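Trainee: Its first residue numbered 12, the sequence shown is counted upward by one per residue in the numbering used here.
For each residue, glycine too, the CB sits at the ideal point set by N, CA and C.
Just so it is clear, the structure is predicted and the values come from calculations on it, not from any experiment.
Before I ask anything, let me first share the structure, which is written out below as structure tokens.
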Amino acid sequence: MDKTLAEMAVEVLSTANGRAKTALARQHAATWRAARASGEQLEVGHAAPPDTPARPALPELLHPRDVPRRRPGTPEGREALLHAVAHIELNAVDLHWDIIARFTDTPLPLGFYDDWVQAGDEEAKHFNLMADCLEEIGSHYGALPAHAGMWRAAQDTADDLFGRLAVVPMVLEARGLDVTPGMIDVFRKAKAQSAVDALEIIYAEEVAHVAYGSKWFHFLCGRHDHDPKEQFHTLVQKYFHGALKAPFNVEKRADAGIPPDFYWPLADDHPTTPDRFRSTG
Ligand SMILES: [Fe+2]
Ligand SMILES: [Fe+2]
């Protein structure tokens, strides 16, 4: 019998090695899409995702304040940047397959699963691109320490699909849109063309992930008759620890369906930030 989509997601989450995890993610995404195209729908099903996904023994995971900072203008700094992005992408693979398996008790249109399967496939590609760039300069994923605590947002929102959509795609992935152009500049100045090409692909594809978040957040707000903006502000205050960092990539956020009044009241530098939007944590 065919595996259900939820079972396939749990397999991805339970695979530790980065290349093996991403190979499985890509394979399962292709299986889901082929079934959708043929009209022979795979079942979404139910399967319990692990509390924390399996990860390789390396990189060593450190508190963010203990991860050594290196200047981006140096080869070591660029290696560290590629390594940090690889770590974010591997975490993103798990985040997208986790949202597929975690909330199957909530009835959702199949398009919800199409979107997160697509995002889970693209994150796998992004990890592989970053791992390739590291290997090209004689390094590899696991060669440097990485941030612990990236799974925190997933744990905090394990029982709250609204909260998961607000914090993961609409805050964390939207932040990626803000910072990626600066990273591309770093590698362009260093004439590191393969890193520039890889980051351009990541930058283009991440807009859609943020858009999926906004689309399904608005869908759920509509189903429950919530005001999306107010709901977003409440959930970000509840689950995201700290203010949102300006400057924002207004143009790409707009492309992704996130209007300015969603994020500006939560920003660290907004002169008229009302007290109720200020961080308490
Ligand atoms: Fe990505
Ligand atoms: Fe993403």
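1. So Tyr223 is in the alpha helix (DSSP H); what residue range does that whole segment cover?
2. Thinking C-beta only, is Asp272 closer than 8 Å to Lys240?
3. Less than 8 Å separating the beta-carbons of Val178 and Thr168?
4. Kindly examine ligand 2 and report whether one of its heavy atoms sits closer than 7 Å to the Cβ of Ala130.
5. Can you look up His137 in the DSSP assignment and give me helix, strand or coil?
6. Between Ala209 and Arg30, how many whole angstroms is the CB-CB distance? I'm expecting something under 8 Å.
7. Going by beta carbon distance, what residues of the same chain come within less than 7 Å of His229, once the five residues before and after it are set aside?
8. Go ahead and label Ala58 buried or exposed: buried means 16 or more other beta carbons lie within 10 angstroms of its beta carbon, across all protein chains shown.
9. For Val23 and Lys32, which I take to be in contact (beta-carbon distance under 8 Å), what is that distance rounded to the nearest angstrom?
10. Please state whether DSSP places His74 in a helix, a strand or coil.
11. Is it right to say Ile212 is buried, meaning 16 or more other beta carbons lie within 10 angstroms of its own, or is it exposed?
12. Is Ala103 near ligand 2, judged by its Cβ being under 7 Å from some heavy atom?
13. Going along the chain, which residues of its own chain have a beta-carbon closer than 8 Å to the beta-carbon of Thr117, five neighbours each way excluded?
14. Near Leu255, which residues of its chain fall below 6 Å by C-beta distance, leaving aside the five closest residues on each side in sequence?
15. Exposed or buried, Thr291, counting other C-beta atoms within 10 Å across all chains shown (16 or more means buried)?
16. Do you know how far the Cα of His244 is from the Cα of Arg287?
17. Within 10 angstroms of the Cβ of Ser205, are there 16 or more other Cβ atoms? Answer buried if so, exposed if not.
18. Does the beta carbon of His151 fall short of 7 Å from some heavy atom of ligand 1?
19. For Ala41, is the classification buried or exposed, using 16 other Cβ atoms within 10 angstroms of its Cβ as the cut-off for buried?
20. With a threshold of 16 other CB atoms inside 10 Å of the CB of Ala164, please say whether the residue is buried or exposed.
21. Span of the alpha helix (DSSP H) holding Val178?
22. Skipping 5 residues on each side, what residues in its chain have a beta carbon closer than 7 Å to that of Pro67?
23. Beta carbon of His220: closer than 7 Å to some heavy atom of ligand 2?
24. Could you check whether the Cβ of Glu146 sits closer than 7 Å to any heavy atom belonging to ligand 1?
Mentor: For this structure:
1. Tyr223 -> alpha helix (DSSP H) spans Gln204 to His235.
2. Yes; because the gap between Cβ atoms is below 8 Å, this pair is in contact.
3. Yes. Within cutoff.
4. Answer for Ala130: yes, Cβ within range of ligand 2.
5. DSSP places His137 in the helix class (H, G or I) of the three-state scheme.
6. That pair is no contact at about 16 Å.
7. Pro239, listed in sequence order.
8. Result: buried.
9. Sure, about 6 Å apart at Cβ, within 8 Å.
10. Looking at His74 - three-state DSSP - the assignment turns out to be coil, as it is neither helix nor strand.
11. It counts as exposed.
12. Because some heavy atom of ligand 2 lies under 7 Å away, the Cβ of Ala103 counts as near it: yes.
13. Once the five neighbours on either side are set aside, the close Cβ partners of Thr117 are Leu172.
14. Within the same chain, Leu255 has close Cβ partners Tyr274, Leu277 and Ala278.
15. Bear in mind that a pLDDT of 40 at Thr291, under 50, signals an unreliable position, so the model cannot answer this.
16. In this prediction, Arg287 has a pLDDT of 45, which is less than 50 and means its spatial position is unreliable; what the coordinates show is noted afterwards. If I take the Cα positions, the gap works out to 10 Å.
17. That one is exposed.
18. No; taking the cut-off as 7 Å, the Cβ of His151 has no heavy atom of ligand 1 nearer than that.
19. Result: exposed.
20. Note on Ala164: 16 or more other CB atoms within 10 angstroms of its CB, so buried under the neighbour-count rule.
21. Membership of Val178 in the alpha helix (DSSP H) is indicated by the continuous run Leu172 to Val178.
22. Ala27, Asn28, Gly29 and Gly153.
23. Because some heavy atom of ligand 2 lies under 7 Å away, the Cβ of His220 counts as near it: yes.
24. Every heavy atom of ligand 1 is 7 Å or more from the Cβ of Glu146, so no.
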